[in-house]
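Numbering (the working numbering), first residue to last: -9 to 624.
Ideal placement from N, C-alpha and C gives every residue a C-beta, glycine not left out.
To start, the structure itself, in structure tokens.
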């Protein structure tokens, strides 16, 4: 029967699927034709196959599917013949599909991303749980959809540990290249009431760059006796290989007796340098602890507390500041452990005194301050005088807190300058005179040991900014330069003896081995021609002490550089002129004048050991602080 379009439809051929033993995927698309004889018996033709898609007949030889595969690729390219018969067809591989495949954990790309996240955690002091945050995961997914975020445990036990090991290797290498190391140390207590001891190292590189690093922050579970602290310091020296043949290791600490004695008990450490910032802190506290000044500070604190606690009062004060064109500054409340904050509190009160008086007497003040009163004229005058007394100490503390320039050379000049500023004046009130006297008495008792004084004076002489030593008399100055010369001579002689001992050891080892007689060296053509006309005379060499004495004198007589200039930059340019003096300068100018580097770790630790991470293990605290301070992003 014909169709409406006039085309004749052929009967659909009957097919039989290939036997189950035929496993190739091509048999999902071909079958064998079936015919019937006159008697109705069914016959399967195994010499021909029929395509199930277009009904084309393909010759078939037993076991050979090449013709069928070729037919599918030419006429049905969308059909996949990969895999085994009966399995779902695999989708063709595309570039877009490749970008959806998850990255294996051991691939270079996945490792680099995990390492970058680890650096982010360490440098930005983030908790390990940041990798579980929905926003963080979304950001990583947008940046690299194929990356599978590992667990927080993986970062803590693998990534951070590997970064710590890498950073440790870099620090050990840098320390090994330094000719001399200096240390600072201080203790602190975490939120979880665990006690830690932090140690930092300081050194000057061969390129005359001042470097520092945090070596470790380890817990101390025992009582902080000098013996226990000495053992901890010895462990630091051994673990980080800090010992040097050319001297002991200077250590800068605060003035606590236990740590001062601990340095003295530890073999290989010394001298112990008292932190100048802590020394100034003690002197300032002695000044503000007098009875009249204590009452004055209590009165100011009440005013500051009132304006901090009352939002209405704070708003009215801001309004008065704008009206009187005063700086829009908040009042400062001092902290008992930081005398600088006391100075800042008084300075801010005097600055805002007019606004404070106007705010307290304002009729819109709903809650009148009952138990506070502003300073009287005499008290204001006393406050201004106290600010003048404390200002040099504040400037000195700020100046000594630097970690980018030598500071040990500034201790003695600054001490003399502060003592000079504390000289009583005819205009001083009795209270101000008492404050100055308290500061003078406290400072004069510091650095009184002659060996420490001599060490600090020599460090000052090695700084091209202060080497004229104008605060000392001529006899003292000459003694310092003589001692400096003698120290250099002794160091050079020790170095020569060490080299001779090594050479003797090498030569004895060489003599014990059989040696071959080498022929005499041949003369060059130049030596043969001119030997009879020009003879080489042995140069006369000066004794080492005389050479060093002349070098020290030459350095001493050069002009001082400006106090604003960088002494290390000067030494980098002039070290070749004074090579022996330069070695000593590179050693001594690396010593910090304060223990501020160790103390600054406390604030870093406070950001790491937060309230939500108070159960962080001590070893993890150590590693995270170490990496935050030392790791350099390359």
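Host beta strand (DSSP E) of residue 176 (start-end): Element bounds for residue 176: 172 to 179.
- request: Take residue 270 as the anchor and find which of 619, 240, 408, 335 has the nearest alpha-carbon.
  value: 408
- request: Return helix, strand or coil for residue 588, following the three-state DSSP convention.
  value: helix
Simplified DSSP state of residue 528, which is helix, strand or coil: Because the pLDDT of residue 528 is 49, which lies under 50, any placement of that residue in the model is unreliable, and the number read from its coordinates should be weighed accordingly. Coil at residue 528, not helix or strand.
message: Quick check: residue 620 and residue 203, are their CB atoms within less than 8 Å of each other?
response: yes
Separation of residue 133 from residue 40, as counted between CA atoms: 51 Å
- request: State the Cα-Cα distance for the pair residue 240 and residue 473, rounded to the nearest angstrom.
  value: Taking the straight line joining both Cα atoms gives about 18 Å.
message: Below 8 Å on the Cβ atoms is my contact criterion, and I expect residue 223 with residue 238 to pass it. Report the Cβ-Cβ distance as a whole number of Å.
response: Contact between residue 223 and residue 238 is absent: CB atoms are separated by about 12 Å, not below the 8 Å threshold.
field: Residue environment, residue -9, which counts as buried when at least 16 other CB atoms sit within 10 Å
entry: Because residue -9 carries a pLDDT of 42, less than 50, the predicted location of this residue cannot be relied on, and the following value inherits that uncertainty. Residue -9 should be labelled exposed.
message: Quick check on the burial criterion: 16 or more other C-beta atoms within 10 angstroms. Buried or exposed for residue 465?
response: exposed
message: Checking the sheet assignment: what are the DSSP bridge partners for residue 258?
response: In DSSP, residue 258 forms no bridge with anything.
- request: Measure from the alpha carbon of residue 611 to the alpha carbon of each residue in 32, 150, 561, then state which is nearest.
  value: 150
field: CA nearest to the CA of residue 373, picked from 444, 420, 287
entry: 287
task: Could you tell me whether the Cβ atoms of residue 249 and residue 219 are closer together than 8 Å?
output: yes
query: Considering only the beta carbon of each residue, do residue 310 and residue 349 sit closer than 8 Å?
result: Yes, they are a contact pair.
- prompt: If we ignore side chains and look at the alpha-carbon of each, how far apart do residue 326 and residue 234 end up?
  reply: 41 Å
- prompt: Taking the continuous beta strand (DSSP E) assigned at residue 206, which residues delimit it?
  reply: Residues 200 to 209.
message: Quick check: does the Cβ of residue 186 come within less than 7 Å of any heavy atom belonging to the ligand SAM?
response: By its list of ligands, the structure shown contains no ligand whatsoever, and the ligand SAM lies outside what it can speak to.
query: Can you give the Cα-Cα distance for residue 469 and residue 421, rounded to whole angstroms?
result: 40 Å
field: CB contact flag (residue 558, residue 200, <8 Å)
entry: yes
- prompt: Assuming residue 272 contacts residue 432 under a Cβ cut-off of 8 Å, what Cβ separation, rounded to an integer in Å, is found between them?
  reply: 6 Å
query: If we count the other Cβ atoms within 10 Å of its Cβ and call it buried at 16 or more, is residue 135 buried or exposed?
result: exposed
message: According to DSSP, is residue 403 part of a helix, a strand, or is it coil?
response: helix
Cα-Cα separation, residue 298 to residue 304: 7 Å
message: Only counting the same chain, and skipping five residues up and downstream in sequence, which positions put a Cβ closer than 6 Å to that of residue 565?
response: 572
query: Should the stretch 539 to 558 be regarded as contacting the stretch 448 to 459, the criterion being three or more beta carbon pairs within less than 8 Å?
result: yes
task: Sort 399, 335, 277 by Cα distance to residue 426 and report the nearest one.
output: 277
Endpoints, alpha helix (DSSP H) assigned at residue 306: 301 to 313
message: Nearest by alpha-carbon distance to residue 391: which of 108, 178, 98, 582 is it?
response: 582
query: residue 534: which of 483, 552, 577 sits nearest, CA to CA?
result: Comparing Cα-Cα distances from residue 534 to each of 483, 552, 577, the minimum goes to 483.
- prompt: beta strand (DSSP E) containing residue 572: first to last residue?
  reply: Segment 569 to 578 is the alpha helix (DSSP H) holding residue 572; no beta strand (DSSP E) there.
task: Put residue 22 into one of helix, strand or coil per three-state DSSP.
output: In the structure shown, residue 22 sits in a strand (DSSP, three-state: E or B).
- request: Just the C-alpha distance for residue 430 and residue 415, rounded to the nearest angstrom, thanks.
  value: 14 Å
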